[in-house]
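So the structure is just underneath, and the comments pick up after that.
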Amino acid sequence: MLISKSSLMLTVFLNQFKPKLGPILMSLMLAGVCPSHLAAQDSAGDWPHYRGDITGKGFSTLTTITPANVSTLEIKWRFSLRNGDDPNSRNPNSQVTPILLGDRMYLPTVDSIVALDSLTGTEIWRFPIPEGRPSRRGVAYWPGNADFSSRIIFTVGNRLIALNSESGLLDQSFGDRGEVDMGIPYISVPLVYEDIIVVGANTPQGTQGGIGNPRAFSAISGEKLWEFSSVPQPGASGHDTWADDSWENRLGANAWPFYFTVDATTDLLYLPLASPLPFAYGGDRAGDNLFANSIVAVDIHSGDYVWHFQTIHHDLWDHDPPAPPTLFDIDRDGSTVPALAVTTKSGYLFILNRETGAAIFGIEEQPVASSSIPGEVASPTQPIPSITPPMARVRFGLDELVTSDLTSPDHAQACADLIATTGEIYNDGPYTPWTLKDSSGAGAATLLFPGLAGGPNWGGVAFDPNSKLAFVFASDLGTLGWLEETGEEFPYSLSTPRPSAFAATIDGQVLPCQKPPWSHLTAVDTTSGEIAWRIPVGVSESLPAEKQNTGRPGRASALVTASDLLFIAATDDNRLRALRASTGEMLWEDSLEQRGNANPMTFLDSAGNQRIAISATDELIVYGLRD
Numbered sequence: 001m002l003i004s005k006s007s008l009m010l011t012v013f014l015n016q017f018k019p020k021l022g023p024i025l026m027s028l029m030l031a032g033v034c035p036s037h038l039a040a041q042d043s044a045g046d047w048p049h050y051r052g053d054i055t056g057k058g059f060s061t062l063t064t065i066t067p068a069n070v071s072t073l074e075i076k077w078r079f080s081l082r083n084g085d086d087p088n089s090r091n092p093n094s095q096v097t098p099i100l101l102g103d104r105m106y107l108p109t110v111d112s113i114v115a116l117d118s119l120t121g122t123e124i125w126r127f128p129i130p131e132g133r134p135s136r137r138g139v140a141y142w143p144g145n146a147d148f149s150s151r152i153i154f155t156v157g158n159r160l161i162a163l164n165s166e167s168g169l170l171d172q173s174f175g176d177r178g179e180v181d182m183g184i185p186y187i188s189v190p191l192v193y194e195d196i197i198v199v200g201a202n203t204p205q206g207t208q209g210g211i212g213n214p215r216a217f218s219a220i221s222g223e224k225l226w227e228f229s230s231v232p233q234p235g236a237s238g239h240d241t242w243a244d245d246s247w248e249n250r251l252g253a254n255a256w257p258f259y260f261t262v263d264a265t266t267d268l269l270y271l272p273l274a275s276p277l278p279f280a281y282g283g284d285r286a287g288d289n290l291f292a293n294s295i296v297a298v299d300i301h302s303g304d305y306v307w308h309f310q311t312i313h314h315d316l317w318d319h320d321p322p323a324p325p326t327l328f329d330i331d332r333d334g335s336t337v338p339a340l341a342v343t344t345k346s347g348y349l350f351i352l353n354r355e356t357g358a359a360i361f362g363i364e365e366q367p368v369a370s371s372s373i374p375g376e377v378a379s380p381t382q383p384i385p386s387i388t389p390p391m392a393r394v395r396f397g398l399d400e401l402v403t404s405d406l407t408s409p410d411h412a413q414a415c416a417d418l419i420a421t422t423g424e425i426y427n428d429g430p431y432t433p434w435t436l437k438d439s440s441g442a443g444a445a446t447l448l449f450p451g452l453a454g455g456p457n458w459g460g461v462a463f464d465p466n467s468k469l470a471f472v473f474a475s476d477l478g479t480l481g482w483l484e485e486t487g488e489e490f491p492y493s494l495s496t497p498r499p500s501a502f503a504a505t506i507d508g509q510v511l512p513c514q515k516p517p518w519s520h521l522t523a524v525d526t527t528s529g530e531i532a533w534r535i536p537v538g539v540s541e542s543l544p545a546e547k548q549n550t551g552r553p554g555r556a557s558a559l560v561t562a563s564d565l566l567f568i569a570a571t572d573d574n575r576l577r578a579l580r581a582s583t584g585e586m587l588w589e590d591s592l593e594q595r596g597n598a599n600p601m602t603f604l605d606s607a608g609n610q611r612i613a614i615s616a617t618d619e620l621i622v623y624g625l626r627d
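For the sequence shown, our numbering gives the first residue as 1, with consecutive numbering after it.
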C-alpha cells in the first residue's frame, strides 16, 4: 500500500528536527510500506545502480533524447556538492554518479547523503556525516521487504551505513543502530543484490596483509556473510603461485573498484582484484601471484570460488583491472554466448565467457621483455588478445616523438628538452620492465605505455545490447621511471622525475610528448572482437585552433542509450559530449565549469522528461531538451 499522510507528516517532522532527536525518536521507522515516490513512474526511467544495473552496461532504454534533437539540450537544474560556501568542503575529485528510483535521486556530497526531487533538484532530506566523509562515488539501494522499508546503503571509511530511503534517518534495525564496522575501509559503491551487500577494500599503506579481501553482509541485519581470500591460503588453488611463503602478510590484491557486477542467471559475482604491493619490485614474491590482477568469479551467496582469469602475471606496473567486467550476451555460430568484457590499465580488452572464464576470441601468451633487476623474475609471457587490438598505446619509439607541425614549436622543443634531460629512454613494447639507476643516477629510464594511471581506467566498459558494440575510453599518457636501491626491507623502489608524465606543460596545459592522438574512444564489435570505430576525444586549447583535436587524458566512461546516443565527459578539457553510438560522429557538446570526472547517467523525472546528469567536481548538472 502507499504511505499514509500521517506517516509523511512524521517523516517531515523527524527530518526537520533530527539534529535534536534522542535515540528513541531516531529509531522510528516507516516499515512494511511502499514509499510513495517509488510509485510515480515505470522502472525503465530509473537508474537504480551506479552503472544503471547490475551488469555494468551503462545502458538506458530511454529514447526521448535522440540524434535529431540532442543539440537542443540545456541545463535544467544544478545542485552543489559542497557544504555551503566553506572552501574546505570542496569535492575536487568527485566521481559521483547518482542513483534514481521513482522521483527521487540519491547521492553523496562532500559531507552528507542527500535525496533530491528529480524534477527540480530540490533537496528532500540530508543526512550529515558526523565523522569522516562518505564515498565520493555514490550510494546503493536496497528495496526492502515485507518487514523492513527500503534503504540507502553507503560507506564512510570502514563503516557500512543504512538510511531509511524515505526519511533519510539511520535505520536502527541494521547493524548497530544503522552501522556496521566492515573492519577495512572501502570508499566506493557497495553492490546490493537480493538481500546481500558486497563491498571491496581500499588497502591502507603500512598495514598487514589479507585486508584486501572482498566481503559480503546481510542487507537485512548487517551480519557478515562471507569473505573471499584474494591471496589463496595454504591448500587453496593458486596458493603455489607465491614462492617461499611470500603470500603471508601480502598487501594489495584488493578489490577496490567503484562498483561490482553480478549475473542474475547464475548468481556469479565478478571480483576485479588489484596488483600486489609493492608493485614495481617483485623479487620477494616469485610466481604468478594469484589472485592479484585477476577477474575471479564467485558464488554471491557463499563467496565460493568458481573460476578466475589472470590479466597480468606477476604485475610490476600497477596495471590491475580498474573496473569490474561488463556483462552481456552475444551470438556466435547461431548460439547465444554469455560474455563479459573487462579492461586493464595495460590497455587490453579481454572478452570472455562469463560462465567459464574461457576466451571467446582467443588470447595468446606472448613473450615479453625480461627484467634486469637483481633478484627479479618477471613473467616471460603475458596474456594478450589475439584479435582485439589494444585500447591504448602500448609501445614507443623515438620516431614517434611529437613534431612542431603536429602541435607547436614550443611543445616540440619542450619535449626534445625532456628527452635530453632524461637521457637514455627504454621501451621494449608491452610490459616493458623497469630499469635500474645507480646512486650517481647513471642508467636508462623506462618509458611505460600506458603510464601508471593506465590507458583505460575506472569508468569501465559501456555496452549497447542492440548493436553489440562495447565502448572503451582510454588515455595515452606515458610514465617515466626507474628503480633505485633502498638498502631497506625491499631492496629496490620506484623513482620518477617530477612530474613523472612523458609530457610538457604549455600555457598551463599538459601535452604528451608522443604524436597525438592522446586519448581514444573505441567501439568494439563484440560479435567479431574487431574495432568498429575509434576517435580522439578532447581538445588541447593551448594549441593553434587547427591542431586542437588531439584527444585529452581522462579516466571515466560513457553512457549509452537505445536511441543510438553515447554521452561522455571524462576528459580534462571540461566538456560533456554526445556522439552517435553507431559511428562515433560528434553531435553536441557543452562546456563545464569544472571537470566531469564521472560517468554520466540518465533518468525520467517525475513529469516524464528524460534527463542527463553529470557531476562536475563540485556540482551535479542535469540537462534536458529545450522546452
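All C-beta atoms in this analysis are idealised placements derived from N, C-alpha and C, irrespective of residue type, glycine included.
Model, not experiment: these values are computed from the prediction.
Beta-bridge partners of D176 (DSSP): E179. The Cβ-Cβ distance between Y106 and Y50 does not fall below 8 Å. Our two residues, G102 and T617, have alpha carbons roughly 26 Å apart in a direct line. Per the coordinates, the alpha-carbon of L565 lies some 29 Å from the alpha-carbon of V114. Non-local C-beta neighbours of S563 in its own chain, meaning closer than 6 Å and more than five positions away in sequence, comprise T63, T66, ordered along the chain. Nearest neighbour of G538 by Cα position, chosen from L559, A474, L349, turns out to be A474.
Between G508 and P499, the alpha-carbon positions lie close to 14 Å from each other. Contact fails between the segment 427-446 and the segment 294-309, because fewer than three Cβ pairs, one in each stretch, are under 8 Å apart.
Less than 8 Å divides the Cβ of I330 from the Cβ of T526. The beta-carbon separation of P512 and G478, rounded to 7 Å, stays under the 8 Å limit for a contact. If you draw a straight line from the Cα of L576 to the Cα of S440, it is about 47 Å long. Between V139 and V198, the C-beta gap is not smaller than 8 Å, which leaves the two residues out of contact.
About 6 Å separates the CB atoms of L170 and L163; that is less than 8 Å, so the two are in contact. CA-to-CA, the gap between Q594 and I612 works out to about 17 Å.
DSSP lists G624 as the beta-bridge partner residues of E74. By the C-beta density criterion, F361 is buried, having at least 16 other C-beta atoms within 10 angstroms.
Under DSSP, Q514 takes part in a beta bridge, and its partners are L401.
When the Cα atoms are used, R133 and I184 turn out to be separated by approximately 15 Å. By the Cβ-count criterion, T72 is exposed, with fewer than 16 other Cβ atoms from all chains shown falling within 10 Å of its own Cβ. Annotation: the continuous alpha helix (DSSP H) that includes H411 extends over 409-422.
Distance between R285 and E488, taken at the CA atoms: about 16 Å. Here K76 has R611, V622, Y623, G624 as same chain residues with Cβ atoms under 7 Å from its own Cβ, once five neighbours each way along the sequence are excluded.
In the three-state reduction of the DSSP assignment, H239 falls in the helix class, which pools H, G and I.
Here T407 is near L543, since their CB atoms are less than 8 Å apart.
With contacts defined as CB atoms closer than 8 Å, L349 and V524 qualify as a contacting pair. Looking at L521, Y186, K437, G554, the one whose alpha-carbon comes closest to that of V560 is L521. Rounded to the nearest angstrom, the gap between the Cα atoms of T486 and T109 is 41 Å.
Look at S440 here: in three-state DSSP terms it is coil, with no helix or strand label.
If you ignore the 5 residues before and after V342, its C-beta comes within less than 6 Å of the C-beta of I295, P321, P325, F350, all in its own chain and listed in chain order. With a threshold of 16 other beta carbon atoms within 10 Å, E74 falls short and is exposed.
The three-state secondary structure of K224, taken from DSSP, is strand.
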